[in-house]
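This report refers to the structure that appears directly beneath it.
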Amino acid sequence: MQTRDFIYITSELVVGFVSVFSNSVVLAAICRTPRLHTVTNVFMGNLALADVMVGISVTPCASLSYVGLPRSFYGCVFINSILLMVTNVSILMMLTIAIERFIAIKEPFFYDRVLSITRAIFVNIFVWVLGLSLGMVPLAGWNTGYHEVEYCEFRDVIPAEYMVYFQFFGVVLLPMSIMLLIYIYIIIIVRKHVRRSNAISEHFQGKPVHDHFKKDVKSARWLSMVMLLFGIFWLPIYILNLLRLFCPQCQYSLSFLLAAIVMSHANSCINPFLYAASNSRIERAIKEMLGL
């Protein structure tokens with residue numbers, strides 16, 4: 131085994147372990163702490179669950195594919211589709227939380243009346259079904275076509291057209307664009323609210339108003355950071371996919387490709403720290419659970 135191979139596989143295993151452990155801690159803290167049983171945290175927990183699945187399934191499958199396993203066409207398509215499935219769930223979950231934050235800030239009375247934990251759970255189930263279904267498109271037929279596989283490799287079974295036109299433009303870029311528009315709208319609402327609140331506070335001698343609104347805004351800021359980091363961590367691999375389709379003669383090193391792959395998987399390790407940083411209750415629950 132070459133040094134590059136050892137570094138890549140070790141990096142994948144480390145990323146997988148950190149992702150499973152850190153996100154499992156967040157999930158456990160939310161599940162065992164009654165005061166954390168809110169609609170937002172149900173969605174947040176589902177995002178953490180998707181990140182757990184990255185560590186459990188995606189990083190091992192990426193390592194297997196790197197060493198050329200399995201040596202069957204449909205087996206190779208399947209393990210390379212797993213990454214797409216879990217990634218789709220994460221993206222759709224971020225879009226769901228963005229919509230939930232938008233409703234909470236724009237229509238708080240409608241939010242309190244309509245959204246419940248039970249309905250949030252059903253939404254989570256729908257997101258998983260939709261995300262997994264979109265990731266199974268290569269298994270359904272959009273692949274490079276059946277052929278004998280002696281060495282399993284992502285590019286040999288998943289076409290560039292699928293990765294760019296369907297996965298990047300349709301499943302990634304479209305939801306991210308919708309989320310961006312939502313956050314721009316939220317910023318506009320927040321600025322109007324701040325001006326209105328300042329006027330009210332002056333009238334009531336500086337007493338704070340609308341604490342619930344401030345919590346909603348803080349949650350929206352947290353998710354915008356999650357979205358920003360997702361884009362940063364996944365940008366290199368999608369740039370390479372674009373080059374693969376539109377500039378097949380362009381050359382780049384295997385080491386750069388492997389670094390981009392590990393970087394995309396490492397995104398799942400970042401979110402738990404954002405959860406704790408943005409929510410003092412989650413941070414406190416984690417510390418209590420770990421005895422810190």
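Numbering (my numbering), first residue to last: 131 to 422. Note that the Cβ used here is the ideal one computed from N, Cα and C, for glycine as well.
Would you verify that the beta carbon of A250 is, or is not, closer than 8 Å to some beta carbon of chain B? Structure shown: chain B not included; a single protein chain is present.
Quick one: using the 10 Å Cβ neighbour count with 16 as the cut-off for buried, is Q381 buried or exposed? For this step, residue 381 is matched to residue 251 along the sequence shown. Residue burial annotation: Q381 is exposed, with fewer than 16 other C-beta atoms found within 10 angstroms of its C-beta.
What separation, rounded to the nearest whole angstrom, lies between the Cα atoms of E230 and Y405? The residue given as residue 230 occupies position 100 in the sequence shown. The residue given as residue 405 occupies position 275 in the sequence shown. Each residue's alpha carbon lies about 17 Å from the other.
On the DSSP letters alone, give me the boundaries of the alpha helix (DSSP H) that G265 sits inside. Start at 1 with the first residue of the sequence shown, and residue 265 comes out as number 135. Start and end: 247-265.
For C380, three-class secondary structure by DSSP: Taking the sequence shown and counting its residues from 1, one reaches residue 380 at position 250. Coil.
When the Cβ atoms of the segment 191-199 are set against those of the segment 166-182, are three or more pairs found closer than 8 Å? Here the segment 191-199 makes no contact with the segment 166-182; the two share fewer than three CB pairs at distances below 8 Å.
Nearest-angstrom Cα separation, counted from V219 out to W258: Position 128 of the sequence shown, counted from the first residue, corresponds to residue 258. Position 89 of the sequence shown, counted from the first residue, corresponds to residue 219. Their backbone Cα atoms lie some 6 Å apart in a straight line.
Could you check what DSSP says for W272 in three-state terms: helix, strand or coil? Translated into the one-based positions of the sequence shown, residue 272 becomes position 142. If DSSP states are grouped into helix, strand and coil, W272 belongs with coil.
Pairwise C-alpha distance: K348 and F157: Start at 1 with the first residue of the sequence shown, and residue 157 comes out as number 27. Start at 1 with the first residue of the sequence shown, and residue 348 comes out as number 218. Per the sequence shown, residue 157 should be read as Leu rather than Phe. Going from the Cα of L157 to the Cα of K348 covers about 20 Å.
Three Cβ pairs or more, each shorter than 8 Å: is that satisfied between the segment 348-360 and the segment 407-417? Contact holds: three or more Cβ-Cβ distances are below 8 Å.
From this set, A192, L384, C161, which residue's C-alpha is nearest A178's C-alpha? Sequence index remark: in the sequence shown, residue 178 carries index 48 (1-based). Nearest to A178 by alpha-carbon distance, out of A192, L384, C161, is C161.
Whose C-alpha, out of Y138, L143, S152, I137, is nearest the C-alpha of C399? In the sequence shown, counting from the first residue as 1, residue 399 sits at position 269. It is S152.
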